[in-house]
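Report on the structure given below.
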Amino acid sequence: MAADVRMQRTQVLGVKGLVKRYGDHTVVDDVSFHIGAGETYGLLGPNGAGKTTIICMVSGLIPADTGSIELAGSAMTPASTRLKSHIGLVPQDLAIYPDLTAKENLQFFGRLQGLSGRDLKARTGEVLDLIGLADRAGEQTKKFSGGMKRRLNIGIGLLHRPTLLILDEPTVGVDPQSRNSILESVEALATEGMAVLYTTHYMEEAERLCDRIAIIDEGRIQAEGTRGELVELTGGVDRIDLHGSGNTGAAASALRRLPGVKHVDGGASGLTLTVHNGPGLLAPVVAEAGGAGMALSSVEIVRPDLESVFLHLTGKALRD
């Protein structure tokens, strides 16, 4: 079903075979992906993986050595001035004026993007509401926290209603509360039908926001898909930890015979099971362990995540 829904989306961005070299160093190596309208697509990888270079090529800031980029049905190059108006780019570095208020910043950049009059006024109010700064609209931005500045940065990228919004590590260096506010703002964009390209090295952000994710390392896309599709690459198995006492040996023997249980390990404080579909097996596992004489004190399901996928594909942790 998920694949059918993806096929029905109108393609906004198509990237094929992008390569970028600096001297003998290949920064981006044969990267291809596409994004549909209303879809949030994540590039997940460590710092230095090539994410920002890809964004610079997609937004027409630098040329690709080889490969092609198609935006809204037309070829994108650094010379594509008209096409660039379809993009809202939110860079890692803040692009706001500290002596202007939040409202003045939005109005200034809105005029640069061709907005004026009632449309500019209305859109400024809409964006301030979306990024949660309506109550601070008249305050100079030099008084803002880092998180508030980041949210305003996103708002500037949204003003002209872009077809494609590009967010390059938008939560770097902000506190947890501000980070959550930023993520809530990005989540709201899906309802506007906007295509979003989101780069991050935080797996929990990719899992929360992105419809599809490309895991990128050393300039190459190692794998791509929904969270579920990527997790399947690790074997798609869950872990159930049973903590307790009693007849754990008999419980282990009984659980090994239970359909869906791949492996059972015994420990000092209980048993660890490797299973398919941990949530679905939880009730029969608990019943079987109790029936075999094990007194349970706690049960925990541990599901594979994108960190596990990255480690599986690259042999290193995501934040190495």
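Note that this note's numbering has the sequence shown beginning at 24, numbered continuously upward. Note that the Cβ used here is the ideal one computed from N, Cα and C, for glycine as well. Fair warning: this is a prediction, and the values are worked out from it, not measured in the lab.
Classify residue i as buried or exposed, calling it buried when 16 or more other Cβ atoms lie within 10 Å of its own Cβ.
i           : result
residue 45  : exposed
residue 193 : buried
residue 329 : buried
residue 106 : buried
residue 228 : buried
residue 48  : exposed
residue 394 : An answer regarding residue 394 cannot be provided, because it is not within the stretch 24 to 343 covered by the chain.
residue 25  : Bear in mind that a pLDDT of 40 at residue 25, under 50, signals an unreliable position, so the model cannot answer this.
residue 250 : buried
residue 145 : exposed
residue 36  : buried
residue 280 : exposed
residue 104 : exposed
residue 134 : exposed
residue 173 : buried
residue 204 : buried
residue 28  : Its pLDDT being 43, under 50, residue 28 is placed unreliably by the model, and the measurement read from it follows with that caveat. The residue is exposed, with fewer than 16 neighbouring Cβ atoms inside 10 Å.
Once the 5 residues before and after residue i are set aside, which same chain residues still bring their CB inside 6 Å of it?
i           : result
residue 110 : 82, 185 and 187
residue 293 : 265, 266 and 267
residue 175 : 119 and 125
residue 325 : 262
residue 327 : 254 and 257
residue 91  : 39
residue 72  : 239 and 240
residue 95  : 109 and 186
residue 93  : 37
residue 114 : 191
Excluding sequence positions up to five away, which residues of its chain have a Cβ less than 8 Å from the Cβ of residue i?
i           : result
residue 169 : 196, 197, 198 and 201
residue 137 : 108 and 183
residue 143 : 130, 133 and 134
residue 314 : 277
residue 271 : 289, 293, 294 and 317
residue 273 : 315, 316 and 317
Taking a contact to mean a Cβ-Cβ separation below 9 Å, would you say residue i touches residue j in this structure?
i           : j           : result
residue 33  : residue 59  : yes
residue 40  : residue 53  : yes
residue 164 : residue 120 : yes
residue 218 : residue 61  : yes
residue 2   : residue 42  : Examination of residue 2 is not possible in this model, given that the chain is present from 24 through 343 alone.
residue 183 : residue 108 : yes
residue 101 : residue 84  : yes
residue 178 : residue 156 : yes
residue 344 : residue 239 : Look at the range of the chain in this structure, 24 to 343, and you will see that residue 344 is not part of it.
residue 312 : residue 277 : yes
residue 208 : residue 244 : no
residue 222 : residue 190 : yes
residue 316 : residue 51  : no
residue 309 : residue 284 : no
residue 298 : residue 332 : no
residue 247 : residue 56  : yes
Within its chain, find whatever has a CB closer than 7 Å to the CB of residue i; leave out the 5 residues flanking it on each side and keep chain order.
i           : result
residue 320 : 266 and 267
residue 30  : A caution first: residue 30 carries a pLDDT of 45, below 50, which makes its placement in the model too unreliable to give a value.
residue 226 : 67, 328, 329, 330 and 341
residue 215 : none
residue 160 : 124, 125, 126 and 151
residue 335 : 256 and 257
residue 122 : 163 and 165
task: For the region 225–245 and the region 282–291, state whether three or more C-beta atom pairs, one from each stretch, are separated by less than 8 Å.
output: no
- prompt: With a cut-off of 8 Å, do at least 3 Cβ pairs link the region 127–139 to the region 73–87?
  reply: no
query: Do three or more CB pairs link the region 334–343 to the region 294–305 at distances below 8 Å?
result: no
- prompt: Taking the runs of the alpha helix (DSSP H) that are 4 residues or longer, which of them lie wholly in the region 84–142?
  reply: 104–107 and 125–135
task: For the region 179–259, list the beta strand (DSSP E) runs that are entirely contained and at least 3 residues long, ordered along the chain.
output: 187–191, 218–223, 235–240 and 243–248
message: My parser needs the beta strand (DSSP E) runs of 3 or more residues fully inside the region 289–317; what are they?
response: 293–299
query: Unbroken alpha helix (DSSP H) runs of length 4 or more, entirely within the region 34–65: which are they?
result: none
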